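Chains as they are written, first to last, in our numbering: chain A, 12 to 207; chain B, 95 to 250.
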């Protein structure tokens, strides 16, 4: 009675469909695996290279001051911490259990996106602070051997660079990412609300 | 069940579900493929607690929901895949209209009606979507009314 003779099921099933070969699917599967592996590699490779470089400096120049050593440790820790967080989040995201109801799945998506939001603001800021503290401490030993003028110049330039990052690049990056992610969270919440 | 068997059995149904969600042939094709990639990866974790159909439809519909994010990032698929392409050549306007109407519904309603049109039992739809059976029944009824209304307005 309610359909007034329109047979939706019949129409629905008349959609033209072409089923790709299973070989095509397998090609795509391989491609998919490769990209996933590569993105994991890029981020971690950078960390590894930087750490090796810093450790090399440690051995090669044999720093005397404890501040230098603390600086090195802080710098490495900050990067390791950030990347660990990032990797775990990405892993969570990729491995959301797809065999959940839509309702549960949406909630999971929202939860992960909120974590990402937290990472892009709070964790990123802490990363900056710890990394920069590390760099300043690290520099101290070398700068202390310079004349006052050069010492001031060195710290001046460094702090200027840090300031540029902190006051210009960081807020800009955060803003750009937050807009996107807030929009997305909003959308997922809206869809989720359809099921409540 | 062998993967190839699943692929052959379910491709059409999954494709239609995706098509109802996005109403774009290429994106639907992509979504359906992604679904089968997940199925392929997770097949060994499938336990016979639920019917395999329910399992696959859950994966497919969740993947559709996830597409919302990609929607914002890439307007179109950028994956070069060579399919045995024979795009919608001359599908009847009525069919096209049906898919268009469905894709304009709120996201979860698209999934619900698509599953209903695939002849999936309402109890099963309820376990795929995560609503009560009664709720599903009401929703299906309302969605069908909406669609009928649209068809009438359009003089189909």
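Ideal Cβ positions, reconstructed from N, Cα and C, are used throughout, including at glycine. In this text the structure is predicted, and so the values were computed from the model without any measurement.
Less than 8 Å between C-beta atoms, sequence neighbours within five positions excluded: which residues of the same chain meet that for residue i?
| i | result |
| --- | --- |
| residue 128/B | 157 |
| residue 117/A | 199, 202, 203 and 206 |
| residue 80/A | 69 and 74 |
| residue 150/B | 100, 104, 108, 129 and 133 |
| residue 51/A | 98 and 101 |
| residue 157/A | 165 |
Is it buried or exposed for residue i, if we count other Cβ within 10 angstroms and need 16 for buried?
| i | result |
| --- | --- |
| residue 23/A | buried |
| residue 124/A | buried |
| residue 197/A | exposed |
| residue 31/A | buried |
| residue 106/A | exposed |
| residue 161/A | exposed |
| residue 230/B | buried |
| residue 42/A | exposed |
| residue 124/B | buried |
| residue 26/A | buried |
| residue 37/A | exposed |
| residue 67/A | exposed |
| residue 167/B | Residue placement at residue 167/B is flagged as unreliable, the pLDDT there being 46, under the threshold of 50; the coordinate-derived value follows with that caveat. Answer is exposed; the Cβ neighbour count stays below 16. |
| residue 56/A | exposed |
| residue 143/A | buried |
| residue 241/B | buried |
| residue 174/A | exposed |
| residue 167/A | exposed |
| residue 122/B | buried |
| residue 145/B | exposed |
| residue 155/B | buried |
| residue 210/B | buried |
| residue 126/B | buried |
| residue 13/A | Note that residue 13/A scores a pLDDT of 43, beneath 50, so its modelled location is shaky; the value from the coordinates is reported in the next line. So residue 13/A ends up on the exposed side. |
| residue 21/A | exposed |
| residue 110/A | buried |
Could you pull out every residue in the same chain whose Cβ sits closer than 6 Å to the Cβ of residue i, ignoring the five residues on either side in sequence?
| i | result |
| --- | --- |
| residue 233/B | 206 |
| residue 115/B | 158 and 204 |
| residue 208/B | 111 and 114 |
| residue 179/A | none |
| residue 164/B | none |
| residue 117/B | 193, 194 and 197 |
| residue 138/A | 89 and 93 |
| residue 148/A | 78, 81 and 82 |
| residue 218/B | 148 |
| residue 188/A | 131 |
| residue 165/A | 154 |
| residue 163/A | none |
Considering only heavy atoms of the ligand GDP, does any lie closer than 6 Å to the CB of residue i?
| i | result |
| --- | --- |
| residue 47/A | Looking at this structure, you won't find the ligand GDP or any other ligand, since it has none at all. |
Quick test of your reading: residue i and residue j, contact by CB under 8 Å. State the CB separation rounded to the nearest angstrom.
| i | j | result |
| --- | --- | --- |
| residue 220/B | residue 212/B | Not confirmed; about 15 Å, so no contact. |
| residue 199/B | residue 237/B | 7 Å |
| residue 222/B | residue 160/B | Actually they do not touch by this definition, with Cβ atoms about 15 Å apart. |
| residue 90/B | residue 48/A | No answer is possible for residue 90/B: the residues shown for chain B start at 95 and end at 250. |
| residue 94/A | residue 58/A | 5 Å |
| residue 141/A | residue 88/A | 7 Å |
| residue 78/A | residue 151/A | 5 Å |
| residue 192/A | residue 127/A | 6 Å |
| residue 34/A | residue 224/B | Actually they do not touch by this definition, with Cβ atoms about 35 Å apart. |
Within its chain, find whatever has a CB closer than 7 Å to the CB of residue i; leave out the 5 residues flanking it on each side and keep chain order.
| i | result |
| --- | --- |
| residue 96/A | 130 and 134 |
| residue 137/B | 97 |
| residue 244/B | 195 |
| residue 121/A | 196, 199, 200 and 203 |
| residue 184/B | Annotation note: pLDDT 49 at residue 184/B (below 50); position unreliable, coordinate value reported separately. Result list for residue 184/B: empty, nothing under 7 Å. |
| residue 103/A | 123 |
- For the region 215 to 245 of chain B, which residues have a beta carbon sitting closer than 8 Å to at least one beta carbon of chain C? Although the question refers to chain C, the structure presented lacks it and instead comprises the protein chains A and B.
- Residue ranges of each alpha helix (DSSP H) within the region 117 to 157 of chain B, 4 or longer: If only uninterrupted alpha helix (DSSP H) runs of at least 4 residues are considered, those enclosed by the region 117 to 157 of chain B are 119 to 136.
- For the region 22 to 36 of chain A, enumerate the residues whose C-beta is nearer than 8 Å to any C-beta of chain B, in chain order. Taking 8 Å as the Cβ-Cβ cut-off against chain B, the residues of the region 22 to 36 of chain A that qualify are 22, 23, 24, 25, 26, 27, 28, 29, 30, 31, 32, 33, 35 and 36.
- Entirely enclosed alpha helix (DSSP H) segments - the region 132 to 207 of chain A, minimum 4 residues: Unbroken alpha helix (DSSP H) runs of no fewer than 4 residues, entirely contained in the region 132 to 207 of chain A, are found at 135 to 154, 159 to 174 and 181 to 204, following chain order.
- Fully enclosed by the region 57 to 85 of chain A, which beta strand (DSSP E) runs are 3 residues long or longer? Qualifying beta strand (DSSP E) stretches: none in this window.
- Message: Any C-beta of chain B within less than 9 Å: which residues of the region 174 to 202 of chain A qualify?
- Response: Among the residues of the region 174 to 202 of chain A, those with a Cβ less than 9 Å away from any Cβ of chain B are 191, 194, 195, 198, 199, 201 and 202, in the order of the chain.
- chain B contacts made by the region 38 to 57 of chain A, where a contact means CB separation under 8 Å: Of all residues in the region 38 to 57 of chain A, the ones placed with a Cβ closer than 8 Å to any Cβ belonging to chain B are 38, 39, 40, 42 and 43, in chain order.
- the region 63 to 88 of chain A: positions lying closer than 9 Å to chain B by Cβ: The region 63 to 88 of chain A vs chain B, Cβ under 9 Å: nothing.
- Task: Quick one: which residues of the region 108 to 138 of chain A get their C-beta closer than 8 Å to a C-beta of chain B? List them in chain order.
- Result: With the criterion set as a beta carbon lying under 8 Å from some beta carbon of chain B, the members of the region 108 to 138 of chain A are 109, 110, 111, 112, 113, 114, 115, 116, 117 and 120, in sequence order.
- Query: In the region 93 to 106 of chain A, which residues sit with their C-beta less than 7 Å from some C-beta in chain B, listed in chain order?
  - Reply: Closer than 7 Å at the C-beta level to chain B, one finds no residue of the region 93 to 106 of chain A.
- Message: At a CB distance below 8 Å, what residues from the region 192 to 204 of chain B approach chain A? Give them in sequence order.
- Response: Interface annotation for the region 192 to 204 of chain B against chain A: 192, 193, 200, 201, 202 and 203, criterion Cβ-Cβ distance under 8 Å.
- Message: Under 7 Å, CB to CB, which of the residues in the region 104 to 116 of chain B have a partner in chain A?
- Response: Cβ contacts with chain A: 105, 106, 109, 110 and 113.
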